[in-house]
Structure formats: structure tokens, C-alpha cells
Amino acid sequence: MSIELILEPFQYGFMVRAFVGTGLVSIIAAAVGTFVVLKGLAFMGDAISHTAFTGIALALILGISVYVGALFFAVLTALGVVFLTRISKVNNDTALAILFTGIFALGIVLLSGTPGFSGDLNSLLLGSVMAIQAKELMLVASVALVLGVVMALFFRRFVLVSFDPVGAEAAGFPVAFFQGMLLIIIAVAIVVSIQAVGVVLVVALLITPAATASLITKRLKILVLLSSAFGLLSSFLGLYISYFYGAPPGATVVLVATALFGLILGIQKLRGA
Amino acid sequence: MSHVYSADLALNIKNLTAGYPDNVVLKDVSWQVKKGTLAAIIGPNGGGKSTLLKTAVGLLPPFEYKIMELLGHPPRTGRKQVAYLPQQEEVDWNFPITVLDVVLQGRLVRQGLWGRYSKEDYDSSHEALAFFGLERYKHTQVGSLSGGQRQRVFLARALVQEADLILLDEPSTGLDAKAQHELADLFLTLSQGGKTIVAATHDLNCLTECFDHVLALDGRVLVEGKPDEVLTEANMVKLFARHFPKVGSRGEVMLHEH
Chain P
165 MSIELILEPF QYGFMVRAFV GTGLVSIIAA AVGTFVVLKG LAFMGDAISH TAFTGIALAL
225 ILGISVYVGA LFFAVLTALG VVFLTRISKV NNDTALAILF TGIFALGIVL LSGTPGFSGD
285 LNSLLLGSVM AIQAKELMLV ASVALVLGVV MALFFRRFVL VSFDPVGAEA AGFPVAFFQG
345 MLLIIIAVAI VVSIQAVGVV LVVALLITPA ATASLITKRL KILVLLSSAF GLLSSFLGLY
405 ISYFYGAPPG ATVVLVATAL FGLILGIQKL RGA
Chain H
1028 MSHVYSADLA LNIKNLTAGY PDNVVLKDVS WQVKKGTLAA IIGPNGGGKS TLLKTAVGLL
1088 PPFEYKIMEL LGHPPRTGRK QVAYLPQQEE VDWNFPITVL DVVLQGRLVR QGLWGRYSKE
1148 DYDSSHEALA FFGLERYKHT QVGSLSGGQR QRVFLARALV QEADLILLDE PSTGLDAKAQ
1208 HELADLFLTL SQGGKTIVAA THDLNCLTEC FDHVLALDGR VLVEGKPDEV LTEANMVKLF
1268 ARHFPKVGSR GEVMLHEH
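In order, the protein sequences belong to chains P and H. Just so we're aligned, residue 165 is where the first sequence starts under this note's numbering, counting upward by one. Just so we're aligned, residue 1028 is where the second sequence starts under this note's numbering, counting upward by one.
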């Protein structure tokens, strides 16, 4: 492949923005996603992204910022789930699934029934990273920066409340506070990633790179870095493939991430055999 | 009105009723453990051993109590000097964390919301690792250690936390006889160093040789005192009779009437 071909997508402003935007969210989602995978919270990530969709739908209809709408619903879902798990130990999966699919369906009905907005449905569900504007990119970049700093500052505390919440709470450590903070970070990461890959696939940006990394290392810091690297690699490769073959970008990024997971797993199985 | 806190007690519980929302496990339990004691809680499954430990450290809210003190303080402030080691199966041993990082967490729980590890934190962690003979495993993932070594990692963390009261839920589960004896020796060393150890255990074997004090618990306090006072046949029959069939002298199985 010649240098011209490699650089070709970058002569278009929208492609540059798409690369930067997807790159940023995939790094941050993959880093945050490490904790989602370690704690087995993939299902919760799915719930958050689906209710965030309804937040976006309502925001569009009410004429307020979609990020505000999405964030409100995402955080509400995250905290609601914690509340649910604290008050009852029975069948959380079922209760959660009923709740988030119901809210998601409401969003679809609302949005498709509102004249002038039904066109947004497709881009929300499947992502619209090629349409990302400079202003949105700035927002995504600032959010990514804030999340990165918070993760770095409180990393050890997030590890503590993920690994041994019981022992930490027994010693008087503010476990609920840091668990809540971690959930809010997950919610925020999901919200900023929706534009890139859409509501339906966003959970893949969280969990697939982290799961791939966890095949390779048992060291936590390396796990987070490797996960981010896999996220970035998936988004760049995915966008290239999407550019040259005209495939939908969000789905292609997720496909590449999935293929990387399969590749690493396959290599390990072959070596082990 | 404020309580009078007794300074020489590590654990002071009076008239505690506790359990789960639809299941009262402990009824009117009172128990005092002097500082520096090696105390064991024994009793049948469902008798409230874990519930007592969890309520003492605030993992379960008590329903009712007259007094509840940790190391002479109300639970909120006393907990800073308390380490709780959960049952082995409650810990996620696949978690990618090294032995050193677990031990350092002893400092993290003291810092709370904010703070970084100082050189002194690292020094005391290495000291604790050396004390428990774990230095060469410091970069090992904690789950890949043996059961006895895992226990020692958590005890090292308790030392680094400067915990004066260490509560353990079923510490001997999954340990072979040799590891159990090593653990008992460690308990002895720690208690001679001024630490108070309270262990809930179903293992009655090494109680008499290691522990100074035994609480027999079956929802209520059946009896407490020195091991040889508590571990009489009459007490054990009372404690376990309704849970286990007994094999008689001619090999017959007898179920106790209740």
C-alpha cells in the first residue's frame, strides 16, 4: 500500500474528524471498559446505552442538548441499577432487561412518531461518525480528557472497590462513593461513544478491546493500556476499511474489534494445543 | 447520652439482634473480647457466625443493640483499625492484581478519598511481605497463590493497615493440615504482638491448642469461655445436635429429638 493511499482519507475534513473522534472515544471506552469486563457489567453497559437513546430522543423532541438528555438517562440507569441490586437480590437481570428494553422501545416510538426526527433514528441506532462536527469533537475531546484524568487520579481506588469491596467497606473505606463514581464514568463514556458506533453497538467498544487485552495479560495497568491500544487499532482499521469499501463505519469498527478478539483467542488456542 | 467505652476491649457487643430483612439470625447476643485475645466463633451453619462478624464491621445493619464498640470506639471510627477477611469463595481470585498491590491497599483504606502512596507505605508493605515470607511473590497475581499464601497476603494487608482487630470468616477452609497449623502459628504471633484475632470457624480441631476464647453460637450465645470449658461433649451435642445425625457406639445413626 502506497503512502498516498494511506493518507488518502485524511484529505477530507470529515474523515479527519471521524478518525480523531472515533479514536478518542475508543481509547476512553476501552480503558473504562476494563472495569466493565472485570466486574462482569456488560449487561449494565447495554442497559445504559439503550436508555441513553431514549434520553437523546426526548432531548431532540424538547429541543435541548442531546448530550444532556443522554447523560441524564444514562446516569439515572446506572444509579438505578445499583439501587435495585442493593434492595433486592432476586432476578436483577430480568428486572433490568424489562426496564431498559421498555424505555428503549418508548424512545423509538417517540422519535419515529415525531415529524422531522424519524431520519435521526437510523444514525442514532447505528452511529454517524462521518457527520461529527468540530464543535462536537471539542466536546468529545474535553470529556475524554476529564475521564482520563479522573481514571488516573482514582485508579487504585477503583481497583480496590472492584477487587475487595467487602474488606474495604469493613475498614470504613467509602466504597459506595467510588463505585458510584465508576458507574458515572462508565455512563459518560457510553454517552460520548454513541455518535461513533450507535446505541446498539456501543457496548462492544467497552468490552471487546478489554476482553481481548485480558487474554494477553494479568497485569492491571498493562491491561488498561493494552485495551486502549486495541480500541484505537480497531477504530483506525475499521475506518480505513469503511472508507475504501463503503461499509458502515461504526459496524466496521466493531467488526474489526471482534476479529482482533477472535484472532488472539485463536492464536492462544493453537499455541496451547 | 454517650456510652462509656471500655478501653481494654477489642469487641464489645451487648444485646445485639441482627440478620437479613426476612431472616433474624442473631437474637440478643452479647459478647466481649479483650484486646490481644485469640477468639473463635463456632456453631452450626446458619447459626450466625458470619452474621456476627459482618454486623460488627458494618457490612450488615443491626436491628437492635444496646452497645456495639470496636476497640473502644463506636463502629464508625473504630472500623479504621479493623480488618475483615471474607470467606475464600467471596473473593474474585481471577482479578488481575499483584500481591504487592493487594498489600498496599492496606494504606489505601486508611487514606480514604484522597492520597498517594508514600515511600513509607511501600516500605511497610515490603516489611509485611517479608514477615509473612511472601517477598518473592510480590509481583505474582494473587489468585495464583495457594490457599495458605492467599490468607497471608490478606493478613499482610491487615498489618499494613495497622489494624488492631482482625476478623476472619472461615480462614481454614481449603487449607491442608500443614497450612492450617502455619496459620494458627501466625495467629499466635500476631496476638502476642498485641493484635486481636476473631475467627469464625467450623473447624474444631485446633481450637484448644491455638485459641484463648471460644464463643458457641446458634442464633443465641450457647456458652462462651476458655476452649476446654466450652468444648465439652454436652455443649457440642447441644450446639450441633439438631444439625447433624450422631453415630452411636455400635455404628447406629441417631437423630436427636429437639
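We treat Cβ as the ideally placed atom computed from N, Cα and C, and that holds for glycine. Remember, predicted model here, so these are calculated numbers, not experimental data.
**From P:S398, P:P413, P:I405 and P:M315, residue whose alpha carbon lies closest to that of G426 of chain P** = P:S398
**Item:** Y1149 of chain H: first and last residue of the uninterrupted alpha helix (DSSP H) it sits in
**Value:** K1146 to F1158
**Item:** Residues that L1242 of chain H bridges to, as DSSP identifies them
**Value:** H:I1068 and H:E1251
**Prompt:** For R1247 of chain H, which residues from the same chain have a beta carbon less than 7 Å from its beta carbon, with the 5 sequence-adjacent residues on both sides left out?
**Reply:** K1054, D1055 and V1056
**Request:** Name, please, each residue of chain H whose Cβ falls closer than 7 Å to the Cβ of P338 of chain P.
**Result:** G1139 and L1140
**Of the listed residues H:A1037, H:I1040, H:G1073 and H:A1034, nearest to G1046 of chain H (C-alpha basis)** = H:G1073
**Residue range of the beta strand (DSSP E) that includes N1055 of chain H** = Asn is not the amino acid found at residue 1055 of chain H; the sequence shown has Asp there. Its beta strand (DSSP E) spans residues N1050 to K1061.
**Message:** Quick check on DSSP: helix, strand or coil for V1225 of chain H?
**Reply:** strand
**Message:** Could you give the first and the last residue of the continuous alpha helix (DSSP H) run that contains Y176 of chain P?
**Reply:** Y176 of chain P -> no alpha helix (DSSP H), and no H or E assigned at all.
**Request:** On a CA-only basis, which of P:L434, P:V420 and P:G414 is nearest S287 of chain P? Give me that one, please.
**Result:** P:G414
**Item:** Interface partners of P1113 of chain H on chain P, CB under 9 Å
**Value:** D328, V330, G331 and A334
**Asked** In terms of residues, what are the limits of the alpha helix (DSSP H) holding A351 of chain P?
**Response** V339 to I380
**Message:** Give me, in chain order, the residues of the same chain whose beta-carbon lies closer than 7 Å to that of D1035 of chain H; leave out the 5 immediate sequence neighbours on both sides.
**Reply:** K1061 and K1062
**Request:** Tell me G1046 of chain H's beta-bridge partners as DSSP assigns them.
**Result:** H:V1051
**Request:** Round the Cβ separation of G291 of chain P and V361 of chain P to the nearest angstrom and send it over; I've been treating them as touching at under 8 Å.
**Result:** 4 Å
**Request:** Evaluate G1105 of chain H with the Cβ neighbour count: other Cβ atoms within 10 Å of its Cβ, from every protein chain shown; 16 or more gives buried, anything less gives exposed.
**Result:** buried
**Request:** Flag this pair as yes or no: are the beta carbons of A353 of chain P and I191 of chain P separated by less than 8 Å?
**Result:** no
**Request:** Could you name the residues of chain H that L384 of chain P contacts, counting a contact when the two beta carbons are closer than 9 Å?
**Result:** F1122, P1123, I1124, T1125 and D1128
**Prompt:** Which partner residues does Q1168 of chain H have in the DSSP bridge list?
**Reply:** H:T1125
**Prompt:** Which class does K203 of chain P belong to by DSSP, given the choice of helix, strand or coil?
**Reply:** coil
**Prompt:** What is the C-beta distance between V1136 of chain H and F337 of chain P, in whole angstroms, given that I count them as a contact (C-beta under 8 Å)?
**Reply:** 4 Å
**Segment contact flag, the stretch 205-217 of chain P with the stretch 311-319 of chain P, C-beta cutoff 8 Å, min 3 pairs** = no
**Asked** Along the chain, where does the beta strand (DSSP E) that runs through A1034 of chain H open and close?
**Response** Taken as a continuous stretch (DSSP letters only), A1034 of chain H belongs to no beta strand (DSSP E), as it is neither H nor E.
**Item:** Three CB pairs or more closer than 8 Å across the stretch 1163-1179 of chain H and the stretch 1207-1221 of chain H
**Value:** yes
**Message:** Applying the 10 Å Cβ sphere with the 16-neighbour rule, what's the burial state of E1147 of chain H?
**Reply:** exposed
**Request:** Give the residues of chain H in contact with V323 of chain P, contact being defined as C-beta atoms less than 7 Å apart.
**Result:** I1124
**Message:** Quick check on L1043 of chain H - is its C-beta less than 8 Å from some C-beta in chain P?
**Reply:** no
**the stretch 1195-1202 of chain H / the stretch 1227-1238 of chain H touching (three or more Cβ pairs under 8 Å)** = yes
**Request:** Check the DSSP bridge columns for K1041 of chain H and list the partner residues they point to.
**Result:** H:I1094
**Message:** Between A1110 of chain H and chain P, is the shortest Cβ-Cβ distance under 8 Å, so that the two count as touching?
**Reply:** yes
**Asked** With D1245 of chain H and G1070 of chain H assumed to form a contact (beta carbons below 8 Å), what rounded beta-carbon distance in angstroms separates them?
**Response** 5 Å
**Message:** Check whether chain P comes within 8 Å of D1119 of chain H, counting only Cβ atoms and requiring the distance to be less than that.
**Reply:** yes
**Request:** Could you spell out where the beta strand (DSSP E) holding D1196 of chain H opens and where it closes?
**Result:** L1192 to D1196
**Request:** Grab me the residues of A1037 of chain H's own chain with a C-beta within less than 6 Å of its C-beta, minus the 5 sequence neighbours each way, in chain order.
**Result:** V1060, K1062, L1098, L1192 and T1223
**Prompt:** Shortest alpha-carbon distance to G402 of chain P belongs to which of P:S392, P:V420 and P:G395?
**Reply:** P:V420
**V293 of chain P - containing beta strand (DSSP E), residue span** = It is not in any beta strand (DSSP E) - V293 of chain P carries neither H nor E in the DSSP assignment.
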